[in-house]
Every structure is written in C-alpha cells, then in structure tokens.
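Trainee: Numbering (our numbering), first residue to last: 16 to 329.
Below you'll find the structure I mean.
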Amino acid sequence: MIRLFCLCLLSLVLSACQTTEETHIRGGDEIRLIEAIPAARPDWLNATPQPDGRYYYFVGISENASMEAHAKDLAVADALKKAAAYSGVSISDKSERITESRFKTSETADPSISEMEKLLQSARAYFSRFHSDQFYVEHFGRMQKKQIMDSSFRASVLLSIPTDEVESAINESRKHHERSFDALWGDKYKAGVIIVNDGSSQEDFDLARSVLTEYFTQNKVLVVQNQSNPDPDHPLFGLKASFSDNEDVYGMKSVTGIFSVRMFFKDENGSDIVGETVVSTNAGAGVNSAAARKASVSKFIESHRSDLMKLVSK
C-alpha cells in the first residue's frame, strides 16, 4: 500500500514538472544551450594564465553570432584588443558590425570579412605571431515546441602572443608617450612661447597677437618674437582670430570676435602634438574698427584669464 502511494505521488510530481515546462515553451520562445565544445568549461575562462616567459596570454569573448566562424573571429578580435590595451598601443577597430535580430530575446552581430581583416591587419603590426591556442564554443537555439528554429554561437578563445612582441609593443607605447604633449611640455614654457598664426588673416592675427603679447608680458610669460622656423621642441601658441562688424551702438563701432587658441608642438614629421584648446566668441566696441577689435580681444582675455594662463604655464 505504501509502495503504491509513493508511485502515485511520484507520478503527480513528474506530471507537474512536465506541465510547467510545456507552459513555458508555449508562452514564448525559449533560448536553450544546445551544445558546448568542449563539454567542460575550460579553466582559463575563470583565470587567465600568467605570462610564462615565452608567451603572454589573453582571453577574448565574442558576442552572439549567427555563424560559428564569425563568433570565433569576434573572440580573437576581443583578445587582440585586450592585448593592445595591456601594451598601451592602439589598433584600429573600424568594424561596422551587421546586427541581425535572430532571437526575440537577444541579438547577433557579425562583422563583414573586409572589416575584420582591417582589424587583424592593424593588430598584426604589433602582434604578427599571435596564436589561437584553444576555443570554447557555445551553441544556442531558439526553441519552439521543442524544435530548434534558429541558432547562434558564442565563442571564447585563449590567445598567446610571444613575449618579445608584447614587450616591443609596450616600448612603442612608451616612446609615443614621450612624444605626447604633456611629456614634451615639462618646464619648456620657461623658455617662452611663440605665438603663431593658426588660420587668421594676417591683419586680424597681428592685432590679436599684440593684445595677447601685452597680457602675457604683464603676467611674466615670455613671448618669443620673430621665430619663423621654431625649434621642433619649442611650445607654440596657436592663435586664430576673425572679426565681423555689427551695427553701430550709440555712434561706436561694434564687432564680434571669434577666437581659438591652443598649445602645441611640431614633431619631426611636421605633425601637430596638441595640448588643450580654448574657443570663445566675444563682442567689443570702440571709436573705430581697430579699437573695437582690440576691445573684443580684451574681452576674450578677461573671460578666459585662468584658461590662458594654464595653457602657457602648465
């Protein structure tokens, strides 16, 4: 009797479980893990292996993709980005991923082959001998009435990169930092700044430079004059100024000045290494056009005193 009672109870429990599962499936799509390869989750997903003298290791994880091969590519790209971030270098990632709404509860993203190649080509400039040691791939299915309607894949990869390539990338990053604006700046402002025309008409530049030079001189900042070919390591103060006339106000000339100033260096290739920039629009009035323009520059200086001094005395 007791045995019969237990069998009946077990039957009721199993029936209840089956009913719950069927209700869940009928109520909407179910995303289910179909297969994992390998079946056991690898240890390197829990803790990335430490460098062993021969290689550095990086783990990459993809988004869901509609094809296994694309998921693996995304995982490799993610690992390479982490290697670049660790080394302090930048690799191009211009991939515009094609998003496919495969599942109601998730989205899959597949980069085009050409865009993925751009990223890999950029990464190979630093890590030409990287190797995908192991993959872990999860296959998901969208279920309807116990049938797989669509599939997606998520991949993880353990990537190894030879020690010499990682250390070379780190050294490259350090060299780049040494040529950064902040690194070049140091105490060089003590040798004086050179105000250069950064896109103004000569007339507007000369007027604005004269007012700025007077202000800097009053604040004990040396402005170096007549430097047509400045030294590559000398700080430059780029000045761009333009003026437009307004309607006269009570018989006074009125103008609006648009100003942009920045500190920068020229590297050996002639490229700009830029620090901070200040941009402003300021009106000015005076008995004539020149006086109004000078008043506009003075208003600009007055409204950005602290910013200007930070630029030239960092």
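Quick reminder that beta carbons are idealized off the backbone N, C-alpha and C, glycines included.
1. So, at 6 Å on beta carbons, what are the nonlocal neighbours of Val236 in its own chain, with the 5 sequence-adjacent residues on each side left out?
2. If you compare alpha carbons, which of Met324, Val289, Lys325, Thr271 is closest to Arg308?
3. State the Cα-Cα distance for the pair Asn79 and Ala184, rounded to the nearest angstrom.
4. What does the Cβ neighbour count give for Arg320, buried or exposed, with the cut at 16 atoms within 10 Å?
5. For the candidate residues Glu50, Tyr101, Leu254, Ala100, whose alpha-carbon lies nearest to that of Ile209?
6. DSSP puts Gln162 in a beta bridge; with which residues?
7. Relative to the alpha-carbon of Asp260, which residue among Gly301, Met164, Tyr70, Glu187 has its alpha-carbon at the smallest distance?
8. To the nearest angstrom, how far is the alpha carbon of Ser81 from that of Asp58?
9. Determine the contact status of Leu174 and Tyr101, defining contact as a CB-CB distance below 8 Å.
10. Considering only their Cβ atoms, is the gap separating Phe142 from Leu89 smaller than 8 Å?
11. What three-state label does DSSP hand Phe274 in the structure shown?
12. From the DSSP output, in three-state form, read off Leu237 for me.
13. Do you know whose CA, among Pro66, Phe280, Val264, Ser77, lies nearest Val152's CA?
14. CB-CB under 6 Å to Val239, same chain, minus the five flanking residues each way: which ones, in chain order?
15. How long is the line joining the alpha carbons of Pro66 and Ala98, rounded to whole angstroms?
16. Hey, how far is the Cα of Gly266 from the Cα of Ala310?
17. If you follow the alpha helix (DSSP H) that Asp311 is in, where does it begin and where does it stop?
18. Could you name the residues of the same chain whose beta carbon sits closer than 6 Å to that of Gly214, not counting the 5 residues immediately before and after it, in chain order?
19. According to DSSP, what are the bridge partners of Arg169?
20. List the whole-angstrom C-beta distance separating Ala86 from Ala170, where the pair is believed to meet the contact cut-off of C-beta under 8 Å.
21. Leaving aside the five residues before and after Gly299 along the sequence, list all residues of the same chain whose C-beta is less than 6 Å from its C-beta, in chain order.
Mentor: So, from the listed chains and residues:
1. The count along the sequence shown starts at 1 and reaches residue 236 at position 221. Cβ within range, chain order: Val327.
2. Residue 308 sits at position 293 when you count from the first residue of the sequence shown. For the residues Met324, Val289, Lys325, Thr271, the minimum Cα distance to Arg308 belongs to Thr271.
3. As a working mapping, residue 79 is identified with position 64 in the sequence shown. As a working mapping, residue 184 is identified with position 169 in the sequence shown. Asn79 and Ala184: Cα-Cα distance of roughly 30 Å.
4. The residue given as residue 320 occupies position 305 in the sequence shown. So Arg320 ends up on the exposed side.
5. Stepping through the sequence shown from its first residue, residue 209 is reached at position 194. Closest by alpha carbon: Leu254.
6. The residue given as residue 162 occupies position 147 in the sequence shown. Gln159, per the DSSP bridge assignment.
7. Along the sequence shown, read from residue 1 onward, the residue named residue 260 stands at position 245. Closest in C-alpha terms to Asp260, from the list Gly301, Met164, Tyr70, Glu187, comes Gly301.
8. Locating residue 81 in the sequence shown gives position 66, where the first residue counts as 1. Locating residue 58 in the sequence shown gives position 43, where the first residue counts as 1. The alpha-carbon of Ser81 is positioned some 26 Å away from that of Asp58.
9. Here residue 174 refers to the residue found at position 159 of the sequence shown. Here residue 101 refers to the residue found at position 86 of the sequence shown. Result no, Cβ atoms of Leu174 and Tyr101 do not sit closer than 8 Å.
10. Here residue 89 corresponds to residue number 74 of the sequence shown, with the count starting at 1. Here residue 142 corresponds to residue number 127 of the sequence shown, with the count starting at 1. Note that the C-beta distance between Leu89 and Phe142 is not below 8 Å.
11. Counting from 1 along the sequence shown, the entry for residue 274 is found at position 259. Note: Phe274 maps to strand in three-state DSSP.
12. Within the sequence shown, the letter at position 222 stands for residue 237. Three-state DSSP puts Leu237 in coil, outside helix and strand.
13. As a first step, residue 152 must be located in the sequence shown, where it is residue number 137. The shortest C-alpha separation from Val152 is found at Ser77.
14. By one-based count along the sequence shown, residue 239 stands at place 224. Hits under 6 Å: Gly207, Ile209.
15. Taking the first residue of the sequence shown as position 1, residue 66 is located at position 51. Taking the first residue of the sequence shown as position 1, residue 98 is located at position 83. Straight-line Cα distance between these residues: approximately 12 Å.
16. If you number the sequence shown from 1, residue 266 lands on position 251. If you number the sequence shown from 1, residue 310 lands on position 295. About 16 Å.
17. Here residue 311 refers to the residue found at position 296 of the sequence shown. Residue identity differs from the one stated: residue 311 is Ser in this sequence, not Asp. That run of the alpha helix (DSSP H) goes 304-318.
18. In the sequence shown, counting from the first residue as 1, residue 214 sits at position 199. Same-chain partners within the cutoff: Lys255.
19. If you number the sequence shown from 1, residue 169 lands on position 154. Under DSSP, Arg169 shares a beta bridge with Glu153.
20. Here residue 86 refers to the residue found at position 71 of the sequence shown. Here residue 170 refers to the residue found at position 155 of the sequence shown. Right, the Cβ-Cβ distance comes to about 4 Å (below 8 Å), so this counts as a contact.
21. Position 284 of the sequence shown, counting from 1, holds the residue named residue 299. The beta carbon of Gly299 sits closer than 6 Å to the beta carbons of Val270, Ala307, Ala310, Ser311, Lys314 from its chain, once the five residues preceding and following it are set aside; these are given in chain order.
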